[in-house]
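Peer 1:
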Amino acid sequence: MTITKHQETPPPQGLKPTKEQQVRHLRRASAIAERATLLGHHPFGAILVGPDQETVLMEQGNVDTVNHAESVLARVAAMNFTPEYLWSCTLYTSVEPCCMCAGTAYWANIGRVVYGLTEARLLEATGNHAENPTMSVSSRYVFDHCQKPVDLIGPVAEVEDEVLRVQRDFWAKR
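In terms of full-length UniProt numbering, the numbers along the sequence shown are unbroken and rise by one, the last being 174.
1. Pick from Leu123, Glu119, Ile153, Glu34: whose alpha carbon is nearest that of Gln21?
2. Answer with buried or exposed for Ser136, where buried requires no fewer than 16 other C-beta atoms within 10 angstroms of its C-beta.
3. Put Ser138 into one of helix, strand or coil per three-state DSSP.
4. For Glu59, which residues of its own chain have a beta-carbon under 6 Å away from its beta-carbon, when the five flanking residues on both sides are left out?
5. Using DSSP bridges, identify the partner residues of Glu59.
6. Are the C-beta of Pro97 and some C-beta of chain C separated by less than 7 Å?
7. Just list the alpha helix (DSSP H) runs in the UniProt domain "CMP/dCMP-type deaminase" (20–130), keeping only unbroken ones of 4 residues or longer that don't cross its boundaries, in chain order.
8. If you drop the 5 nearest sequence neighbours on each side, which residues of the same chain put their C-beta closer than 8 Å to that of Thr55?
9. Could you work out which residue in Ala125, Met79, Leu73 is closest to Leu117 when comparing CA atoms only?
10. Which whole-angstrom value describes the C-beta separation of Cys89 and Gly111, a residue pair presumed to lie in contact below a C-beta threshold of 8 Å?
11. May I ask which residues mark the beginning and end of the alpha helix (DSSP H) holding Leu15?
12. How many angstroms separate the CA atom of Pro133 from the CA atom of Pro97?
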């Protein structure tokens with residue numbers, strides 16, 4: 001049996017975020033990343049925004065190397081909202097989701113992901129740091145191999161330097 005990807009699931013519904021909304025929500029995710037560092041965690045942050053692209057439903061900072069901001073947020077969202085509703089929501093994250101987080105967002109049925117900084121640029125900031133062994137697997141690659149068409153937007157140029165600054169400041173002190 002051959003399964004054709006995207007064969008029955010329509011693209012995410014709800015409003016498409018404007019550039020202004022993308023920038024505003026990514027700046028909030030970056031602020032959450034900075035807050036995570038004050039709690040002793042790595043600088044990653046994520047928020048979940050409702051279908052109207054205005055209502056912030058949840059926010060989450062990084063917890064540890066297994067409980068990334070995006071994956072914790074997606075798991076909690078899946079326990080609190082229906083899959084149909086989540087398909088119309090958007091996960092905003094300061095840095096491109098790793099393959100674990102992209103997969104978790106997919107399985108949670110979150111229909112859109114917007115990120116500020118690529119995983120490749122994150123590697124520039126962290127180098128070969130033992131606490132953040134980045135993977136060379138883009139979220140685009142993960143989503144392109146899914147059966148549902150997750151809408152992926154990023155990197156968002158207007159926030160890249162801001163997010164990169166947060167990352168560089170943190171990792172330079174580690």
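C-beta atoms are modelled at their ideal positions from N, C-alpha and C, and glycine is treated no differently.
Owing to the predicted nature of the structure, the values given are computational and were not obtained by experimental measurement.
Peer 2: To lay it out plainly:
1. Comparing Cα positions, the closest option is Ile153.
2. exposed
3. Three-state result, Ser138: coil.
4. Ile32, Ile47
5. Its beta-bridge partners are Ile47.
6. Among the chains of the structure shown, chain C does not appear; only one protein chain is present.
7. 69–80, 83–86, 99–108, 119–126
8. Val49
9. Per the C-alpha coordinates, the member of Ala125, Met79, Leu73 positioned closest to Leu117 is Ala125.
10. 7 Å
11. Run containing Leu15: none; DSSP gives neither H nor E here.
12. 14 Å
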